[in-house]
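Chemist: I am attaching a structure below and will ask some questions about it afterwards.
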Amino acid sequence: MRWSQTYIPTLREAPADAELISHQLMLRGGYIRKLASGVYLYLPLMQRVIDKFSQIVRDEMNAAGALEITMSVLCPAEIWQESGRYETAGKEQMRMKDRRNHEMVLCGTHEESVTTLIKGEVKSYRQLPMNLYQIQVKFRDEIRPRFGLMRGREFIMKDAYSFDATEESFEVSYGKMVNAYFNIFRRAGIEAVKVESDTGAMGGKAAHEFMFLVDTNAGEEVIMFCDKCDYAANSEKATFVDPNKPTLDTEMKGMETVDTPGAATIEEVTFFLKVESTRLAKTLMYMADGEPVAAMIRGDRDLNEIKLKNALGAIELEMATPDQVQQYTSAPVGFAGPIGLKEVKILVDPLVAELKNFVVGANENEKHIVNVNIDRDFKADLVVDLSLAAGEDGCPNCDAGQLICKSGIEVGNTFMLGTKYSDALGAKFLDEKGAEQLIIMGSYGIGITRTPQAALEKYCDDKGIIWPKSIAPYLVEIIPLKPGDQTQMEAAEKIYNDLEAAGLDVLMDDREERPGVKFNDADLIGLPIRITIGDKSLKDGNVELKARCEKDFALVPVGDIVGAVKQLAERLN
RNA sequence: CGGGGUGUGGCGCAGUCUGGCAGCGCGCAUGCUUUGGGAGCAUGAUGUCGGAGGUUCAAAUCCUCUCACCCCGACCA
Numbered sequence: 050m051r052w053s054q055t056y057i058p059t060l061r062e063a064p065a066d067a068e069l070i071s072h073q074l075m076l077r078g079g080y081i082r083k084l085a086s087g088v089y090l091y092l093p094l095m096q097r098v099i100d101k102f103s104q105i106v107r108d109e110m111n112a113a114g115a116l117e118i119t120m121s122v123l124c125p126a127e128i129w130q131e132s133g134r135y136e137t138a139g140k141e142q143m144r145m146k147d148r149r150n151h152e153m154v155l156c157g158t159h160e161e162s163v164t165t166l167i168k169g170e171v172k173s174y175r176q177l178p179m180n181l182y183q184i185q186v187k188f189r190d191e192i193r194p195r196f197g198l199m200r201g202r203e204f205i206m207k208d209a210y211s212f213d214a215t216e217e218s219f220e221v222s223y224g225k226m227v228n229a230y231f232n233i234f235r236r237a238g239i240e241a242v243k244v245e246s247d248t249g250a251m252g253g254k255a256a257h258e259f260m261f262l263v264d265t266n267a268g269e270e271v272i273m274f275c276d277k278c279d280y281a282a283n284s285e286k287a288t289f290v291d292p293n294k295p296t297l298d299t300e301m302k303g304m305e306t307v308d309t310p311g312a313a314t315i316e317e318v319t320f321f322l323k324v325e326s327t328r329l330a331k332t333l334m335y336m337a338d339g340e341p342v343a344a345m346i347r348g349d350r351d352l353n354e355i356k357l358k359n360a361l362g363a364i365e366l367e368m369a370t371p372d373q374v375q376q377y378t379s380a381p382v383g384f385a386g387p388i389g390l391k392e393v394k395i396l397v398d399p400l401v402a403e404l405k406n407f408v409v410g411a412n413e414n415e416k417h418i419v420n421v422n423i424d425r426d427f428k429a430d431l432v433v434d435l436s437l438a439a440g441e442d443g444c445p446n447c448d449a450g451q452l453i454c455k456s457g458i459e460v461g462n463t464f465m466l467g468t469k470y471s472d473a474l475g476a477k478f479l480d481e482k483g484a485e486q487l488i489i490m491g492s493y494g495i496g497i498t499r500t501p502q503a504a505l506e507k508y509c510d511d512k513g514i515i516w517p518k519s520i521a522p523y524l525v526e527i528i529p530l531k532p533g534d535q536t537q538m539e540a541a542e543k544i545y546n547d548l549e550a551a552g553l554d555v556l557m558d559d560r561e562e563r564p565g566v567k568f569n570d571a572d573l574i575g576l577p578i579r580i581t582i583g584d585k586s587l588k589d590g591n592v593e594l595k596a597r598c599e600k601d602f603a604l605v606p607v608g609d610i611v612g613a614v615k616q617l618a619e620r621l622n
């Protein structure tokens, strides 16, 4: 492709509303433009990136035995109502009515559609296993779209769905997908790690996420890693071994209400009462689907709202407002406790449940109660892990390990759905014995538009993008410094034709621009290899061959360029 | 939804406090010169100042309402 024949509108300055480096580079490099909040247009370079990454995904999915199909973005609301997700998806779901006033959904994922398809087709265990996938646009009315393609309201996703007759067969299917994912990200030049994750609104029994680890503030997820073993989990999901176990009293002491004037926070109370924060239980008031809930966490720990939400089976969970706290505890924020609470469900973290003689709020302004003991002084409705794992916590998987926090961008996910959707929508088959069984399902996503942008958080420098070669829009950029010069252009055309004939993707900057402009644009759009054709080296029959990620260039005779380019590409990421 | 902020030519911004000709840099067009890391000179085009209403002799500027966009939080299949 010649620069003059395509459309690469580079910008000297990034539009002011782009925060992330990757977002700025996408805009400045002429890859994308914004149409509305969370809605982007993909320009020619981006389209090529999408095509290249999609092709890698396609190759590996096909190699794993999955079949490509295309399902409609539109879906009748009824099957979402049947699966129950019409409720749980809530405002996240784009909806519309057709001209007959029929409710339709603009899908953000396709479990309902694909399960409806399968239920009409699969009748026998002989037809299983099966895996169907598509690469298609998705709609999610994100509460807060941001970071360009990282969190849009419309985006492209590869979504796959597996169908199996038995658990054993499902394990194999799931393993194939996990394996395919590692291949995909490796081939795309992106190092992704697999971590345990919460299942969220997808439901099912377990899930994993594939994370691209970054040092920038683009990481929307916090991942906990063990420094000794291979344990890795999203912080939403991570469990841990408590490293700060307090020494426990042997006997229960008598409960006593004490004045704690001005002491509402954990720090203030520990200072005032001169007790360790590990001997104090904080009681956090939440509203779960409109019902008040008290969650008790040891003073030194933070609550994991996902764990709380899951323990309650709640759809909506939010912290109680100060007014609600006053209403349910008869005290201002800071003095809530479990004793005397009425009509409030009490959930207690195990680290609190094991304590003896601990401190809680008294549900009375400026008062706390000391020497409180669970069961004797109050009853928990449920004792369940509610604590957020933190750095330096013990690893839940091995003895010696400590957890470490890292920031990551989710580029893929895999869900063990079990029979949630087949049950809800009635997708059954007959097994060998002629007995009716529910199909066991999995679903598997990869962000086609998100992943390349995520990669840019790492693959860039102060001049611009440095694409991994397999998802770069072109492999090579040729820069004839003087397009008006006949000798230079002859060399440029020969190189251009030779490279194209060798099947390599080439972009030639044939614009009548000054060298500085071309060099800067080349660095900005970030093609892996640059060939500069100028008088300096051409007088000896050479051109300059340079990798975007390296500082030095090599002189290569015009006739040897194809081999030299291939050789250079070989050692680039 | 709560908190903070921004809307002025394609992009980046000044002007708003204190009402008085709508400006600057880049980009764009034409010409000449220039040509190995974002050229110089000259000439030129491009704006319903986000929108609606109001105050005023006069509104980008003051008031009211509204819309869009960004950041933090909640949310995230």
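Numbering of the first sequence is given in this note's numbering, commencing with residue 50 and proceeding in unit increments. Built from N, CA and C at the ideal position, the CB exists for glycine as well.
Less than 9 Å separating the beta-carbons of proline 517 and tyrosine 523?
Modeler: To locate residue 517, count along the first sequence from 1; it is residue 468. To locate residue 523, count along the first sequence from 1; it is residue 474. Taking 9 Å as the Cβ cut-off, proline 517 and tyrosine 523 do not qualify as a contacting pair.
Chemist: Can you list, in chain order, the residues of its chain with a C-beta nearer than 6 Å to that of alanine 337? Leave out the 5 residues immediately preceding and following it.
Modeler: Within the first sequence, numbered from 1, the residue matching residue 337 stands at position 288. These residues qualify, in order along the chain: Leu361, Ala363 and Leu366.
Chemist: From valine 393 to leucine 357, what distance separates their C-alpha atoms?
Modeler: What you label residue 393 is simply residue 344 of the first sequence in a count that begins at 1. What you label residue 357 is simply residue 308 of the first sequence in a count that begins at 1. Distance between the alpha carbons of valine 393 and leucine 357 is about 15 Å.
Chemist: If distances are taken between C-alpha atoms only, which option among Leu177, Val525, Ser71 and Gly87 comes closest to glycine 114?
Modeler: As a first step, residue 114 is located in the first sequence; it is residue number 65 there, counting from the start. For glycine 114, the nearest C-alpha among the options comes from Leu177.
Chemist: With DSSP run on the structure shown, which of helix, strand or coil describes tyrosine 545?
Modeler: In the first sequence, counting from the first residue as 1, residue 545 sits at position 496. DSSP places tyrosine 545 in helix when its eight states are reduced to three.
Chemist: Mind checking leucine 604: buried by the 16 CB within 10 Å criterion, or exposed?
Modeler: Counting from one through the first sequence, the residue named residue 604 turns up at place 555. Leucine 604 should be labelled exposed.
Chemist: Look up alanine 343 in the DSSP assignment and give the residues it is bridged to.
Modeler: Within the first sequence, numbered from 1, the residue matching residue 343 stands at position 294. Bridge partners of alanine 343: Met334 and Ile395.
Chemist: Can you give, in chain order, each stretch of the beta strand (DSSP E) that sits fully within the stretch 568-595 and has at least 3 residues?
Modeler: Entirely contained in the stretch 568-595, the beta strand (DSSP E) runs reaching 3 residues are, in chain order, 578-582.
Chemist: Round the Cβ separation of alanine 281 and valine 244 to the nearest angstrom and send it over; I've been treating them as touching at under 8 Å.
Modeler: Indexing the first sequence from 1 puts residue 281 at position 232. Indexing the first sequence from 1 puts residue 244 at position 195. Indeed they touch by this definition, with Cβ atoms about 4 Å apart.
Chemist: Less than 9 Å separating the beta-carbons of proline 577 and alanine 618?
Modeler: What you label residue 577 is simply residue 528 of the first sequence in a count that begins at 1. What you label residue 618 is simply residue 569 of the first sequence in a count that begins at 1. Cβ distance < 9 Å, so proline 577 and alanine 618 count as in contact.
Chemist: According to DSSP, what are the bridge partners of lysine 243?
Modeler: Within the first sequence, residue 243 is the residue found at index 194, counting from 1. Lysine 243 is bridged to Phe259.
Chemist: According to DSSP, is glutamine 486 part of a helix, a strand, or is it coil?
Modeler: The residue given as residue 486 occupies position 437 in the first sequence. DSSP places glutamine 486 in strand when its eight states are reduced to three.
Chemist: With the cut-off set at 9 Å, would you say alanine 476 and threonine 164 are in Cβ contact?
Modeler: Residue numbering aside, residue 476 sits at position 427 when the first sequence is read from its first letter. Residue numbering aside, residue 164 sits at position 115 when the first sequence is read from its first letter. Yes, the pair counts as a contact, with Cβ atoms nearer than the cut-off.
Chemist: Is DSSP giving glutamate 539 helix, strand or coil here?
Modeler: What you label residue 539 is simply residue 490 of the first sequence in a count that begins at 1. In the structure shown, glutamate 539 sits in a helix (DSSP, three-state: H, G or I).
Chemist: Which of the three DSSP states, helix, strand or coil, is assigned to arginine 560?
Modeler: The residue given as residue 560 occupies position 511 in the first sequence. Coil.
Chemist: Should the stretch 380-394 be regarded as contacting the stretch 304-323, the criterion being three or more beta carbon pairs within less than 8 Å?
Modeler: Counting Cβ pairs under 8 Å, three or more are found: they touch.
Chemist: Is DSSP giving isoleucine 364 helix, strand or coil here?
Modeler: Taking the first residue of the first sequence as 1, we reach residue 364 at position 315. Isoleucine 364 falls in the coil class under three-state DSSP.
Chemist: Less than 9 Å between the C-beta atoms of alanine 503 and valine 460, yes or no?
Modeler: Walking along the first sequence from the start, residue 503 turns up at place 454. Walking along the first sequence from the start, residue 460 turns up at place 411. Yes, the Cβ-Cβ distance between alanine 503 and valine 460 is below 9 Å.
Chemist: How would you call aspartate 370, buried or exposed, if buried means at least 16 neighbouring beta carbons within 10 angstroms?
Modeler: Along the first sequence, one-based indexing puts residue 370 at 321. According to the sequence displayed, residue 370 carries threonine and not aspartate. Exposed, since its Cβ has fewer than 16 Cβ neighbours within 10 Å.
Chemist: Quick one: what does DSSP say leucine 435 is sitting in, helix, strand or coil?
Modeler: Numbered from 1 along the first sequence, position 386 holds the residue referred to as residue 435. Three-state DSSP puts leucine 435 in coil, outside helix and strand.
Chemist: Should valine 401 and valine 419 be called a contact, given that it needs their Cβ atoms to be closer than 9 Å?
Modeler: Reading the first sequence from its first residue, position 352 is the one you call residue 401. Reading the first sequence from its first residue, position 370 is the one you call residue 419. No, these two residues do not count as a Cβ contact at 9 Å.
Chemist: Tell me the start and end of each unbroken beta strand (DSSP E) in the stretch 162-190 that is at least 3 residues and wholly inside, in chain order.
Modeler: Within the stretch 162-190, the complete beta strand (DSSP E) runs of at least 3 residues are 179-188.
Chemist: Where does arginine 202 land, buried or exposed, given buried means 16+ other C-beta within 10 angstroms?
Modeler: For this step, residue 202 is matched to residue 153 along the first sequence. Arginine 202 comes out buried.
Chemist: Measuring straight from C-alpha to C-alpha, what distance separates arginine 597 and aspartate 442?
Modeler: Residue numbering aside, residue 597 sits at position 548 when the first sequence is read from its first letter. Residue numbering aside, residue 442 sits at position 393 when the first sequence is read from its first letter. Their backbone Cα atoms lie some 41 Å apart in a straight line.
Chemist: With 16 as the cutoff for other CB atoms within 10 Å, does serine 162 come out buried or exposed?
Modeler: Taking the first sequence and counting its residues from 1, one reaches residue 162 at position 113. The residue in question, serine 162, is buried, as its Cβ has 16 or more Cβ neighbours within 10 Å.
Chemist: In terms of residue numbering, what span does the beta strand (DSSP E) encompassing glycine 461 cover?
Modeler: The sequence position of residue 461 within the first sequence is 412, counting from 1. It spans 452-467 - the beta strand (DSSP E) in which glycine 461 sits, taken as one unbroken run.
Chemist: Excluding sequence positions up to five away, which residues of its chain have a Cβ less than 6 Å from the Cβ of valine 73?
Modeler: Start at 1 with the first residue of the first sequence, and residue 73 comes out as number 24. Checking the sequence, you will find glutamine at residue 73 rather than valine. Here the set comprises Ala63 and Ala67.
Chemist: CB-CB under 6 Å to arginine 82, same chain, minus the five flanking residues each way: which ones, in chain order?
Modeler: Working through the first sequence from its first residue, we reach residue 82 at position 33. Closer than 6 Å at Cβ, skipping near neighbours: Leu90.
Chemist: Rounded to the nearest angstrom, what separates proline 125 and alanine 438 at their Cα positions?
Modeler: By 1-based counting over the first sequence, the position of residue 125 is 76. By 1-based counting over the first sequence, the position of residue 438 is 389. Taking the straight line from one Cα to the other gives about 41 Å.
Chemist: So for proline 93, helix, strand or coil by DSSP?
Modeler: The sequence position of residue 93 within the first sequence is 44, counting from 1. Correct three-state label for proline 93: helix.
Chemist: For the alpha helix (DSSP H) containing alanine 63, list its first residue and its last residue.
Modeler: Taking the first sequence and counting its residues from 1, one reaches residue 63 at position 14. Taken as a continuous stretch (DSSP letters only), alanine 63 belongs to no alpha helix (DSSP H), as it is neither H nor E.
Chemist: I think leucine 333 touches leucine 352, with their Cβ atoms under 8 Å apart; what is that distance to the nearest whole Å?
Modeler: Within the first sequence, residue 333 is the residue found at index 284, counting from 1. Within the first sequence, residue 352 is the residue found at index 303, counting from 1. Indeed, because the Cβ distance is near 6 Å, the residues count as touching under 8 Å.
Chemist: Return yes when the Cβ of isoleucine 395 is within less than 9 Å of the Cβ of valine 342, no when it is not.
Modeler: Translated into positions along the first sequence, residue 342 becomes position 293. Translated into positions along the first sequence, residue 395 becomes position 346. Against a cut-off of 9 Å, the Cβ pair of isoleucine 395 and valine 342 comes out as a contact.
Chemist: Find out if the Cβ-Cβ distance for the pair aspartate 213, glycine 491 is shorter than 9 Å.
Modeler: Counting from 1 along the first sequence, the entry for residue 213 is found at position 164. Counting from 1 along the first sequence, the entry for residue 491 is found at position 442. Contact: yes.
Chemist: Evaluate isoleucine 118 with the Cβ neighbour count: other Cβ atoms within 10 Å of its Cβ, from every protein chain shown; 16 or more gives buried, anything less gives exposed.
Modeler: Counting from one through the first sequence, the residue named residue 118 turns up at place 69. Under this definition isoleucine 118 is an exposed residue.
Chemist: Quick check: the Cα distance between isoleucine 184 and leucine 155, rounded to an integer number of angstroms?
Modeler: As a first step, residue 184 must be located in the first sequence, where it is residue number 135. As a first step, residue 155 must be located in the first sequence, where it is residue number 106. Near 15 Å, if we compare the C-alpha coordinates of leucine 155 and isoleucine 184.
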